[in-house]
Structure formats: structure tokens, C-alpha cells
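In case it helps, the working numbering puts the sequence shown at residues 229 to 360.
Quick reminder that beta carbons are idealized off the backbone N, C-alpha and C, glycines included.
Read through the structure below, which is laid out as C-alpha cells, and then see the notes.
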Amino acid sequence: MSHVANVMISVEPDDRPSAEELSQWLQTSAPRQGFGPGAVGWVGSLNEITGSDTRWGGGKYPECSVYAGALNHADLAGLVAHVERIVWKHPEFVQLFVMGQEQVYFRVWMFHGAKLRQVLPEGREEEVWPND
């Protein structure tokens, strides 16, 4: 059974190599949810969705650097912790967007000093569907 998480990361262009390093880690060494303690390996990858060959609405090319992927069985707390450990040239511009399997909106994480902090509230689903 799948457990899919939608993940996007927006970075300053100088940090593209760090975003690609994150994608490589997701393909080889990421902690895997539901496979027992210490299980690591492939959970997916991130692809740049803002390159010069990308078409969005509006007739212009995006002027940002965003990577996205649909990860399977990713330990999301482990993902956040790993993003925090990566050496970023401009951590103040990193935005991590995470939407877990049973979630209906992205949680957004940004650096505050050396720590990633969630900047959008948790639990909006419970406000809408309190007894589900």
C-alpha cells in the first residue's frame, strides 16, 4: 500500500545544487516510513519544475527555482530534519512545502536562524472535519 506525500522546495538559484543533493538523498538514503526501525532507501525524487522548458499559464517562464516530487513512504519528520542539515548558501530563502497522505493543504517550513520552523498552522483539517 502506498503512502504518498507531495513535496516542493523553493530555493534561491545559487542553492540549486543543494536541492539536487536533497533529491539524490531521497533516491538513496532517506528514512522510510512503515518498513521498520532504521529502514532507509528510495522514497522518490524531486524534479525542477521551473526550468526554461517549463510552461505555466500566463505566457511567461517562471522566474523561481522550485523542485517537486510525489514521495512514497517518506518519513516526513526525517525529511524536514535532513533539509535542516543541508548546507544552503541562502537558507533564509528556502521554503519547504509538505502535504502528507491524509492532508489537504501544504505545511510550509522556512528557516529561522539555523532551525526550520513550520510557518503555517497545523490541524486545519480537524477544524473542518472534527470527527473524521
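Judged by their CB atoms, Val-239 and Ser-273 are not nearer to each other than the 9 Å cut-off.
Secondary structure in the stretch 244-281: the alpha helix (DSSP H) runs of 4 residues or longer, each lying completely within the stretch, are 244-256 in chain order. Looking from the CA of Gln-252, the closest CA among Gly-262, Val-268 and Val-332 belongs to Val-268. In summary, Tyr-295 is buried, with 16 or more beta-carbon neighbours lying within 10 Å of its beta-carbon over all protein chains present. Closest in alpha carbon position to Leu-324, among Val-311, Tyr-333 and Gln-331, is Val-311. Just measuring C-alpha positions, the residue of Met-236, Thr-256 and Gln-261 sitting nearest Thr-278 is Met-236.
Arg-313 and Gly-262 have their alpha carbons spaced roughly 23 Å apart.
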